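According to our numbering, the stretch in the sequence shown is residues 798 to 1350, in order.
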Amino acid sequence: MKKGSRVTILILLLLINVYGNAQQPDSICGRKVVYDESGRILSWYSPEIPGAAYNHVIKLASEFLLETPVEPQTGLPMYYVTCCFKGPHMTPDKSFVARRWIHNPACVFAGSVQSFAVQYYAYTGDRRYIQMVREMLDYQLGHGTTHENFSWANVPYASANPFETEYHGATWWEGRRGDGYQVIEPDKVGELGYAYLKFYQVTEEIKYLEAAIQCADALAKNIREIKPVTSDLENYEVRIGKSPWPFRVNARTSEIFDEYSSNVLEPVKLFRELIRIQKQINLSEEKCMGYKNATEIAWNWLYGKNGPLRTFVWNGYFEDVDHDPQLANRVQITPVELAKYLIANPEYDKNPEIHVPALLYYAVSAFKTEGMDAMNEQLWCYRPMGSHSARYASACALWYEKTGNEWFKDQAFLYLNTATYMTYDNGVVAVGPDYLATWFSDGYSDYVRHFIDVLAAVPEWAPADENHLLRSSSVVQQISYEGNKIAYTTFDGQSTEKFRLQKKPSEIFVGDRKIKENSNLKEESWKWEKFKTGGVLTVSYSAGSNQTKTIVL
């Protein structure tokens, strides 16, 4: 890059920072905001210790979800029958009141797999979260899955009417903003299908693998190839208005209600993971070929002339927005999640060093809240929200880890600090500073995981006086933190783990094999990075399937 270009970019980024910090708020969600001497926002909990609040707020939020209030009409935990509630800070009698709004179970349950069964369980070793998520998924399978004779068979409904115990798509405002009866969202079929697969890897319970494969089969069967625009004379608007899967489609009849969704990433993740573990699950070559074909069609469209990486038409995710045939709305969840995926999987992009920062710069320029280090959700709900601020922070932290670019680390610090203010002392998480109600997606399933991603990317922000697994390249099936040792097993035989520990280990074993310390992590080995207090342990092994890994402290 030429020197002049670098200077231009730095000036633009400086203007973004200066503009965004004008008229900073005195309080957020009822808490007085803490700033440092230069006017940068700090977290509300132990602001003198960078990162201390991150561990604190995810503990508050996660423990609250285990004891979620029951919805009195149905006798079920609120997250089974409504998307959101009013907490004691909003009700005269300090009670919890379920709100009557379109429910989004597929999104909540899929996010809960990642936040709680995969990441927070590995972080804490608390198996109550495995059982909580198991009950969520079992409820969706039993009460929110399409009929086996449908065109889209045996796949999850994304939405439901509030307080209804059976999910069949939301009929509130049907034809205007609700999905409609028997209408599904294919991107959520991919999202929850991938979550089913990850939960299978945690538990090895076959019903979750079968559910994941049914989702993949329906997606592969119903994909459509959108031909790229090849001439200026073609009707560009018609071509750009369709995607490999529609946003809303009737599962029984295949009638399409919304043609376009930019969110092809979730189906692709499902396909690629099934292909990766083909031998472990005895998946037929025929199925794999179908999944590979669908993946190629979707990925080529994403990067092609009609796709959102060129058009930046990031549209079609939220279940309660108006039907949008003109594609007027824009969302930041899809491009930022894509950025996170490309950081973790650069082999799927020829130019990740171009596309990742482009996606992040787009998100912060289009959705940054004026006067606050926070992200607005979407153009049609242009309001700052905690989970979306945390997502952007996590993507920036991961890109900093990859590149060493300090600007992205700073963005992660500021935006995640803002996100901490949404959490109250009782574990209730408000959607945002001007939206004090709580959504189970924004406050929990799409909140906790981003904090853990940040701690993994910037481990000096993880608690120095505790032991935690921050990241594993494989799903962790069992983990215990007991006395002077940590013992765990993973789904894959080959894996790499990253821990924040109070002190350097004395020995590490894979099964009964002692592995050596090696700063280059060659073959089976581990390395230690010393901090002022404790440090970071990275463990790598190539033959550890079904064997317990033991870290002796």
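Where is the CB? At the ideal position from N, CA and C, for every residue including glycine.
Since we're looking at a predicted model, the values are computed, not measured.
Q) Can the beta-carbon of Ile1053 be found closer than 8 Å to that of Leu1006? A) No, the pair does not count as a contact, with Cβ atoms beyond the cut-off.
Q. Who does Arg828 pair with in a DSSP beta bridge?
A. Ile825.
Q | Three CB pairs or more closer than 8 Å across the segment 949-967 and the segment 1270-1290 | A | No: the two stretches stay apart, fewer than three of their Cβ pairs being nearer than 8 Å.
Q. Which class does Asn1097 belong to by DSSP, given the choice of helix, strand or coil?
A. Residue state for Asn1097 is assigned as helix, using DSSP reduced to three classes.
Q) Rounded to a whole number of angstroms, what is the C-alpha to C-alpha distance between Asp1207 and Ile1072? A) So the alpha carbons of these two residues sit roughly 37 Å apart.
Q. Can the beta-carbon of Asn1060 be found less than 8 Å from the beta-carbon of Thr1131?
A. Taking 8 Å as the Cβ cut-off, Asn1060 and Thr1131 qualify as a contacting pair.
Q) Count the other CB atoms within 10 Å of the CB of Thr888; is the residue buried (16 or more) or exposed (fewer)? A) Burial call: exposed.
Q. Nearest to Ser835 by CA position, among Arg1310, Asp1243, Leu1211, Ala1254, is which residue?
A. Residue Leu1211 is the option with its Cα nearest to Ser835.
Q. To the nearest whole angstrom, what separates the beta carbons of Leu1016 and Ala1091, a pair I think is in contact under 8 Å?
A. Contact holds; Cβ gap of about 6 Å.
Q: Select from Asp1055, Lys1076, Ala1048, Leu1099 the residue whose C-alpha is nearest the C-alpha of Val1065.
A: From the listed residues Asp1055, Lys1076, Ala1048, Leu1099, the smallest Cα separation to Val1065 is found for Leu1099.
Q: Measure how close the beta-carbons of Glu1321 and Ser1339 come, nearest whole angstrom, since I'm counting them as under 8 Å.
A: Beta-carbon to beta-carbon, Glu1321 and Ser1339 are separated by about 6 Å, close enough to satisfy the 8 Å threshold.
Q. Secondary structure at Phe882, three-state DSSP: helix, strand or coil?
A. Note: Phe882 maps to strand in three-state DSSP.
Q: May I ask which residues mark the beginning and end of the beta strand (DSSP E) holding Pro1181?
A: Note, Pro1181: beta strand (DSSP E), 1178-1182.
(Q) Determine whether the beta carbon atoms of His1265 and Ser1191 lie at a separation below 8 Å. (A) Going by C-beta atoms, His1265 is not nearer than 8 Å to Ser1191.
Q: For the alpha helix (DSSP H) containing Ala1254, list its first residue and its last residue.
A: In the DSSP assignment, Ala1254 falls within the alpha helix (DSSP H) that extends over 1245-1254.
Q.
Which residue wins for smallest C-alpha separation from Ala992, given the options Val1161, Ile981, Arg974, Gln1011?
A. In this structure, Gln1011 is the residue among Val1161, Ile981, Arg974, Gln1011 with its C-alpha nearest to the C-alpha of Ala992.
Q: Kindly list the residues whose CB is nearer than 6 Å to the CB of Val815, restricted to its own chain and excluding five residues on each side of it in sequence; keep chain order.
A: Unreliable positioning characterises Val815 in this predicted model, as indicated by a pLDDT of 40, which lies under 50. A coordinate reading is not provided.
Q | Spatially closest choice to Gly939 from Lys1301, Glu963, Gly922, Asp1250, by CA coordinates | A | Shortest Cα-Cα distance from Gly939 to any of Lys1301, Glu963, Gly922, Asp1250 involves Glu963.
Q.
Just to confirm the assignment, what range does the beta strand (DSSP E) spanning Ile846 have?
A. Taken as a continuous stretch (DSSP letters only), Ile846 belongs to no beta strand (DSSP E), as it is neither H nor E.
Q.
My output table needs one value for Arg837: the three-state DSSP class, helix, strand or coil.
A. In the structure shown, Arg837 sits in coil (DSSP, three-state: anything other than H, G, I, E or B).
Q) For Thr968, which residues from the same chain have a beta carbon less than 7 Å from its beta carbon, with the 5 sequence-adjacent residues on both sides left out? A) So the qualifying residues of the chain are Asn958, Gly975, Gly977, Tyr978.
Q) Just to check, is the beta-carbon of Gly987 closer than 7 Å to a non-hydrogen atom of the ligand ADP? A) What this structure holds is no ligand at all, so the ligand ADP is not there to describe.
Q: Determine the contact status of Ala903 and Gln870, defining contact as a CB-CB distance below 8 Å.
A: No, Cβ-Cβ distance for Ala903 and Gln870 is not below 8 Å.
Q | Option in Gln1274, Ala1095, Phe960 with minimal Cα separation from Lys1346 | A | Nearest to Lys1346 by alpha-carbon distance, out of Gln1274, Ala1095, Phe960, is Gln1274.
Q: Determine contact between the segment 1133-1140 and the segment 982-1001, defined as no fewer than three beta-carbon pairs at a distance below 8 Å.
A: Per the Cβ contact rule, the segment 1133-1140 is not in contact with the segment 982-1001 (fewer than 3 Cβ pairs under 8 Å).
Q) For Gly1183, does the count of other Cβ atoms within 10 angstroms reach 16, so buried, or fall short, so exposed? A) Counting of Cβ neighbours within 10 angstroms places Gly1183 among the buried residues, the total reaching 16 or more.
Q.
On a Cα-Cα basis, can you pick out the residue from Ser1051, Val1026, Ser1238 that is closest to Glu982?
A. Nearest of Ser1051, Val1026, Ser1238 to Glu982, Cα basis: Ser1051.
Q. Using a Cβ-Cβ cut-off of 8 Å (strictly less than) and excluding sequence neighbours within five positions of Ser1238, which residues of its own chain qualify?
A. Cβ within range, chain order: Cys880, Asn901, Cys904, Val905, Gly908, Ser1184.
(Q) I'd like to check one pair, Val1272 with Val999: are the Cβ atoms closer than 8 Å? (A) It is a contact, given that the beta carbons lie within the stated cut-off.
**Q.** Residue from Glu1056, Lys1329, Gly922 whose Cα sits closest to the Cα of Asp984
**A.** When the alpha-carbon of Asp984 is set against those of Glu1056, Lys1329, Gly922, the nearest one is in Glu1056.
Q. How would you call Asn852, buried or exposed, if buried means at least 16 neighbouring beta carbons within 10 angstroms?
A. The residue is buried, with at least 16 neighbouring Cβ atoms inside 10 Å.
Q) From Arg1049, Gly1038, Asn1097, pick the residue whose C-alpha is nearest to that of Leu1062; which is it? A) Among Arg1049, Gly1038, Asn1097, the Cα nearest to that of Leu1062 belongs to Asn1097.
(Q) On the DSSP letters alone, give me the boundaries of the alpha helix (DSSP H) that Arg1268 sits inside. (A) It is not in any alpha helix (DSSP H) - Arg1268 instead sits in the beta strand (DSSP E) that spans 1265-1269.
Q | Residues near Cys1085 by beta carbon distance below 7 Å, same chain, minus five either side | A | Within the same chain, Cys1085 has close Cβ partners Ile1072, Gln1075.
Q.
Below 8 Å on the Cβ atoms is my contact criterion, and I expect Val1161 with Leu1139 to pass it. Report the Cβ-Cβ distance as a whole number of Å.
A. Taking the Cβ atoms as the reference, Val1161 lies roughly 17 Å from Leu1139, outside the contact range of under 8 Å.
Q | Straight-line gap, Pro1143 to Pro1149 (C-alpha atoms, nearest Å) | A | The straight-line gap from Cα to Cα measures roughly 6 Å.
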